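K.L.:
Residue numbers (full-length UniProt numbering): 12 to 82.
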Ligand code: 9UX
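#1: Between residue 44 and residue 70, how many whole angstroms is the CB-CB distance? I'm expecting something under 8 Å.
#2: Which residues end up in the neighbourhood of ligand 1 when you take C-beta atoms closer than 5 Å to any of its heavy atoms?
#3: Ignore the nearest five residues each way along the sequence and tell me which others in residue 13's own chain have a CB closer than 8 Å to its CB.
#4: According to DSSP, simplified to helix, strand and coil, what is residue 49?
#5: Could you tell me the distance, in whole angstroms, from the CA atom of residue 21 to the CA atom of residue 41?
#6: Residues bridged to residue 89 by DSSP?
See the structure below:
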């Protein structure tokens, strides 16, 4: 059963940033469709298999953006 993961993303300033983050998240194992919203700074990630949340965070950071800690 697919589930959705929401992840806050910091550091995006243009539409190309959105594309970079979407591309990075899409490569993480278990990830299906990815939608990143620039104005809300949130990624909506479809999990079609086991997804390691830390792998998502590492992918975002490797692409040059940040995932803020949940407060
Ligand atoms: Mo847009 Mo984002 O020129 O790192 S790609 S600012």
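Ideal placement from N, C-alpha and C gives every residue a C-beta, glycine not left out. For clarity, every value in this text was computed on a predicted model and none was experimentally measured.
P.N.:
In short:
#1: Rounded, the Cβ-Cβ distance is 15 Å, inconsistent with contact.
#2: The set, ordered by position in the chain, is 24, 25, 27 and 28.
#3: Only 43, 57, 58 and 59 meet the Cβ criterion.
#4: coil
#5: Each residue's alpha carbon lies about 23 Å from the other.
#6: Past the edges of the chain, shown from 12 to 82, lies residue 89, and the structure says nothing about it.
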